[in-house]
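The next block holds one structure in the form of structure tokens; read it before the comments.
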Amino acid sequence: MRKLGIFCLFFVICSCMTKKNLYGNYQYKGVSNGFPKEYNLLIKKDSFHISYKSQDASPKCIGKWEILQDTLHLKCSKENVVTKMLSNGYMNQRDYKLKIIGNKKLMMFKENIILNKK
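The opening residue of the sequence shown carries number 124 in our numbering; numbering runs sequentially from there.
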């Protein structure tokens, strides 16, 4: 029983350390699907901000995040202003999944690109 308690405490401490290690700025500059793209992701304690630039678009969003196993889930906040939703600054994709690769790299599943911590 005592070993189980120690294991649970160790797991909670490691989980907190992992979250703190994720805080910061991540970036990708390169070519994805044949087009130049630049992704920027800022992870804070209780929120995130993601943006990207590609040809004529520069969408961005803010929202909440959570970690499930080795995956970082980003969920953009709901946008209620119609004019923002119709602009090139509106991010159509509202959910992102990123695989956590160590303390300094995240891989976007859909795009299959690596964001590096700055």
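Here a beta-carbon is modelled for each residue, glycine too, at the ideal position from N, C-alpha and C.
Quick caveat, the model's predicted, so the values are computed rather than measured.
Inter-residue spacing [alpha-carbon to alpha-carbon] between residue i and residue j
{"i": "Tyr151", "j": "Ser210", "result": "23 Å"}
{"i": "Asn215", "j": "Ile223", "result": "23 Å"}
{"i": "Lys142", "j": "Asn156", "result": "31 Å"}
{"i": "Gln178", "j": "Val204", "result": "24 Å"}
{"i": "Trp188", "j": "Leu229", "result": "14 Å"}
{"i": "Leu238", "j": "Met231", "result": "8 Å"}
{"i": "Tyr213", "j": "Ser174", "result": "10 Å"}
Contact belief for residue i with residue j at Cβ below 8 Å, rounded distance in angstroms
{"i": "Gly186", "j": "Leu197", "result": "6 Å"}
{"i": "Lys183", "j": "Glu161", "result": "Not quite, the Cβ-Cβ distance comes to about 12 Å (not below 8 Å), so this is no contact."}
Residue i: first and last residue of the uninterrupted alpha helix (DSSP H) it sits in
{"i": "Lys207", "result": "205–208"}
Extent of the continuous beta strand (DSSP E) to which residue i belongs
{"i": "Gln150", "result": "147–155"}
{"i": "Asp218", "result": "218–224"}
{"i": "Lys187", "result": "183–191"}
Residue j beta carbon less than 9 Å from that of residue i
{"i": "Lys207", "j": "Tyr149", "result": "no"}
{"i": "Ile166", "j": "Leu145", "result": "yes"}
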